[in-house]
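Peer 1: Can you read through this structure? Questions will come right after.
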Amino acid sequence: MSKTEEGATPAPKSNFIHQEIEKDLKEGKNGGAVLTRFPPEPNGYLHIGHAKSICLNFGLAEKYNGGCNLRFDDTNPTKEEVEYVESIKQDVRWLGFEWEGQEKYASDYFDQLFEWAVKLIKNGKAYVDDQSAEAIAAQKGTPTEPGVESKYRNRSVEENLDLFMRMKNGEFKEGERVLRARIDMASPNMHMRDPIMYRIIHKSHHRTGDKWCIYPMYDFTHGQSDFIEGITHSICTLEFEVHRPLYNWFLDQILEGEPEPERRPRQIEFARLNLNYTVMSKRRLLELVQKGIVNGWDDPRMPTISGLRRRGYTPASIRMFAERVGVARRDNIIDVALLEHCIREDLNKRAPRVNAVIDPVKLVLTNYPEDKVEWMEAVNNPEDESQGTRKIPFTRELYIERNDFMENPPKKFFRLGPGREVRLKNGYIIKCEDYKKSENGEVEEIYCTYDPETRSGNDTSGKKVKGTLHWVSASHSLPAEVRLYDRLFMDEDPAGHKDKDFKEFLNPDSLNILNNCRVEPSLKDVKALDFFQFQRLGYFCVDPDSTPEHLVFNRTVPLRDTWAKLAKK
RNA sequence: UGUCCCGUGGUGUAAUGGUAGCACAGGAGAUUUUGGUUCUCUCGGUCUGGGUUCGAAUCCUAGCGGGACAACCA
C-alpha cells in the first residue's frame, strides 16, 4: 500500500488493537500474517467515521507489513447498490490507500456460502422456518425474557434440505420461508436465538443478476467472507460486539470436521467516531440531502468524505485527524476543533499564500501616480522556501477588507482609521488622511498617502507600525465568488435531544455567499480543488463550479483569529 | 429491571502493579511585513466506597453513571 499524496504523515500512536495483534503475532497465530479489511455496504456515501475505520484498517496493514482488502458487503439487493461502489472506491483511493488486489464482494462467495448452509442443515444446525417475520419476531423474546422455539425447529434433515433447495429454486414467495441457525432460543444473547441465515428476495443483484433469489444475512456472510479471504483481524465498531459469539459459532460450524486452518479471523470492536456540531447517521445525512437542506452528498458542510474533499480538506489532514482521535472502546464525541486544527496544520505548510479581498472597500493613494504599476515581489509560502516568489501589481487604487477600517477604532485595533498608519503587505506604509461615506452611511472610499521610503524589501524609513493589511489592485484584480461555510448545526449534539428533531438546531448562517470579492491576478487559471491561503483570512479551495469566467472559492477553514476573540470581549 | 461493554483534565487519548503523560481547546507572554506560523509558560484529571498489595488509574468487589442488544438491515 502507499500514500498517494504528499503531506503530513501522522505520528504513530499505540492503541489496544495494536496490543491484541502483537499478542497474536507473539503466539504465532495465522502463520504470522496480518490481513485486515474495510467492508462497506454500497448503500450510501462514506463519511468521516468511515475514514477513521479506513485509516485504522489500512494503517494496521502498513504497520504490520500485511495488507488490507476492500470488500463490498453486498448481500441485500433491495438497497440500491451499484451506484455507490465507484464513489467508495474513489474515496478510499483519495484518502491515499491501496487495497490488496482487486476489490472483493461478499457476493463472490454466494456459492460457497450456500454449500456451508447445506452443511449446517446436514449437521442439524440449521432449519427452514415457514413462519412469518412477525411470528418469528414474536417468538424471539426480549433482552430480559427468553424466546420460544419454532414449531418447525425439529424438522428432519431431509425435509430441511428439500425445502432449502426449493427456496433456492424460487418456488416460494418473499417472506414465505427462511433458513435459520439452530442454536438456543433461551440464550441471553438475542443474536444466538436461532438467527436467520437466508431470506428470499426476488430481486436481481448488481453483480449476480438473477442467479439467486435467496440471499444470506450479514451474520452468515461476514465471518465466512473474512475466512475465505484469509483475514486475520476483522475490525468493526462496537455495535457488533454482541454478534461476536455468532461470528465465532458460524466459523466453528463451517470448520466442523475440517483440519485446523492456518488462519482464523478474529473480530475486534472499537468505538465509532462521533463529531460535535454535526450528525453522522446515514439516515439523517440522507434526510438533509433529500429535503434540500444541503446541496447534495458532497455539500461542503457535510461530514461525508466527498463533502470534506469539496470543502478543501486534504487526505493528509484527514489521516492526521484519524491518528489523533485514537482508537478505544469508550464512546466519544470529538471536538470539530481538532479536525480544523489538522487541516490548518497541513495547509499552513503547503498552501500558497495569495491576496484576496472578500468584502472590498476602495482605497486611493492620493500621492501615488495615476498610471504607475509596480510589480511587487511576494513570497508564496513563508513556511516553504521552495515555493518561490511571484509578482503582484501595486497601483494607486486598491481594495482592502472593509473590516480593516474603522471610523472610531479602539486602541487595540491595529488596522486603519482616520490618521492611522499601517503597512500594506508587500507594499508601503500608508497613512489614512480622509474617507468618504455614501448617503446610507457606508464607507465608500478611503484616502491615504503612501511613504515612498517604506517600500517592502527596502524600507529606509525605520518606521514601525502595528498592523499589516492585505490588498489587491483595483485595476488588476479579478472578480470572484466566495462561499463562506460555518458549522451546519448550532448544537453540539443535534441528534441527542429526545423531544426535538435534529433539524431544529440547523445553523441559519452555515452558508454565506459573497459575490463581490476580488482576488489577485495570479489566480486566473486555477483548477478545481486547488488550495490557497487567502492571506489573513483563511484557507480556501477552488470549487468544482468554478470557471475561468466565474471564479468560485470555498472557505475550508478560517485562520485562527485572536483579534476576533479579543473583539468579542 | 436480563446479558455484555465502557468510566483518566473541557474534549480526546497514553500509562497494563512503581514519578498520571501527550494532543486539541482555554489563559499569559515572546517573536512576527499574515492579529497567521513558531516558541515559552500556564490552567486542569484517574466516577464513588470497600478490599488485595510495600505500592492501585491498573487487580477483586459493591454501588453509581453512560452505552449496546428484541430488522427476513449492515
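Mind the numbering: the first sequence is residues 76 to 644 in the working numbering, read in order. Cβ coordinates follow ideal geometry from the N, Cα and C atoms, glycine included.
Within the same chain, show all residues whose beta-carbon is closer than 6 Å to that of A431, passing over the 5 residues directly before and after it, in chain order.
Peer 2: Taken in chain order, the residues that qualify are V594 and F609.
Peer 1: Tell me whether the segment 166–181 and the segment 127–146 touch, counting them as touching only if at least three CB pairs, one residue from each stretch, are closer than 8 Å.
Peer 2: At 8 Å Cβ cutoff, the stretches touch.
Peer 1: Just reading off the alpha helix (DSSP H) that L100 is part of, what are its end residues?
Peer 2: First-last of the alpha helix (DSSP H) with L100: F91 to K101.
Peer 1: If R630 and V557 are in contact, beta carbons under 8 Å, what's the gap, nearest whole angstrom?
Peer 2: 7 Å between Cβ atoms; contact.
Peer 1: Keeping to the same chain, check which residues put their C-beta closer than 6 Å to that of N235; ignore five residues upstream and five downstream.
Peer 2: So the qualifying residues of the chain are I196, Y202 and V203.
Peer 1: In this structure, does DSSP put I275 in helix, strand or coil?
Peer 2: If DSSP states are grouped into helix, strand and coil, I275 belongs with the strands.
Peer 1: If we ignore side chains and look at the alpha-carbon of each, how far apart do E449 and N442 end up?
Peer 2: Looking at the two C-alpha atoms, the distance is approximately 15 Å.
Peer 1: Return the residue from the list C311, R168 and M292 that minimises the CA-CA distance to N132.
Peer 2: Comparing Cα-Cα distances from N132 to each of C311, R168 and M292, the minimum goes to C311.
Peer 1: Under the three-state reduction of DSSP, which class applies to P468: helix, strand or coil?
Peer 2: Looking at P468 - three-state DSSP - the assignment turns out to be strand.
Peer 1: Which one of R341, L321, L586 and N515 has the shortest CA to CA distance from R386?
Peer 2: When each option's Cα is compared against that of R386, the closest is L586.
Peer 1: Comparing C-alpha positions only, which one of Y522, K486, K500 and E482 sits nearest to G516?
Peer 2: It is E482 whose Cα lies nearest to the Cα of G516.
Peer 1: Just verifying my parser: in three-state terms, what is the DSSP assignment at R255?
Peer 2: If DSSP states are grouped into helix, strand and coil, R255 belongs with the strands.
Peer 1: Which residues in the same chain as S77 place their Cβ atom closer than 7 Å to its Cβ, once the five residues preceding and following it in sequence are excluded?
Peer 2: With a pLDDT of 34 at S77, under the threshold of 50, the modelled position of that residue is not reliable, and the figure given next carries that caveat. Once the five neighbours on either side are set aside, the close Cβ partners of S77 are E173.
Peer 1: Under the three-state reduction of DSSP, which class applies to D237: helix, strand or coil?
Peer 2: DSSP places D237 in helix when its eight states are reduced to three.
Peer 1: Measure the alpha-carbon distance for E624 versus D600 and round it to whole angstroms.
Peer 2: Computed Cα separation, rounded: 10 Å.
Peer 1: If you drop the 5 nearest sequence neighbours on each side, which residues of the same chain put their C-beta closer than 8 Å to that of E445?
Peer 2: Cβ neighbours of E445 beyond the five flanking positions: R471.
Peer 1: Just confirm the distance between the C-beta atoms of I467 and M451, as a whole number of angstroms; I'd bet it's less than 8 Å.
Peer 2: With a Cβ gap of about 5 Å, I467 and M451 count as contacting.
Peer 1: Tell me whether K487 sits in a helix, a strand or coil according to DSSP, three-state version.
Peer 2: Here K487 sits in coil by DSSP.
Peer 1: Whole angstroms is fine: what's the gap from R490's alpha carbon to C523's?
Peer 2: So the alpha carbons of these two residues sit roughly 13 Å apart.
Peer 1: DSSP beta-bridge partners for R428?
Peer 2: Answer by DSSP bridge pairing, in chain order: Q608.
Peer 1: Note the first and the last residue of the continuous alpha helix (DSSP H) segment covering S162.
Peer 2: S162 -> alpha helix (DSSP H) spans V157 to W169.
Peer 1: What does the Cβ neighbour count give for E80, buried or exposed, with the cut at 16 atoms within 10 Å?
Peer 2: Here E80 scores only 44 on pLDDT, less than 50, and its place in the model should not be relied on; the value that follows carries that caveat. Per the 10 Å Cβ criterion, exposed.
Peer 1: Mind checking whether N264 and V317 have CB atoms under 8 Å apart?
Peer 2: Yes. Within cutoff.
Peer 1: Could you tell me which whole alpha helix (DSSP H) segments of length 4 or greater appear in the segment 188–215?
Peer 2: If we require 4 residues or more, the alpha helix (DSSP H) runs fully inside the segment 188–215 come out as 208–214.
Peer 1: Going straight from the alpha carbon of Y184 to that of S300, what length do you get?
Peer 2: In a straight line, the C-alpha of Y184 is about 7 Å away from that of S300.
Peer 1: Decide if the segment 276–294 is in contact with the segment 344–360; the criterion is three or more beta carbon pairs, one per stretch, under 8 Å apart.
Peer 2: Verdict: no, contact absent.
Peer 1: Closest to K541 by CA distance: which of I505, C507, A549 and V497 is it?
Peer 2: The residue with the shortest Cα to Cα distance from K541 is V497.
Peer 1: Check whether the Cβ atoms of F396 and L422 sit closer than 8 Å, and answer yes or no.
Peer 2: Result no, Cβ atoms of F396 and L422 do not sit closer than 8 Å.
Peer 1: If you compare alpha carbons, which of A256, D294 and D479 is closest to A639?
Peer 2: Closest option to A639, Cα to Cα, is D479.
Peer 1: Alpha carbon to alpha carbon, how far is Y503 from L589? Give it in angstroms, no decimals.
Peer 2: One C-alpha to the other measures close to 28 Å.
Peer 1: Look up L413 in the DSSP assignment and say whether it is helix, strand or coil.
Peer 2: DSSP places L413 in helix when its eight states are reduced to three.
Peer 1: Under the assumption that R338 contacts T307 (Cβ atoms under 8 Å), give the Cβ distance between them as a whole number of angstroms.
Peer 2: Between T307 and R338 the Cβ distance is about 6 Å, and since that is below 8 Å, they are a contact.
Peer 1: Taking the alpha carbon of K104 as the reference point, which residue from N407, S207, P583 and P336 has its own alpha carbon closest?
Peer 2: Answer by Cα proximity: P336.
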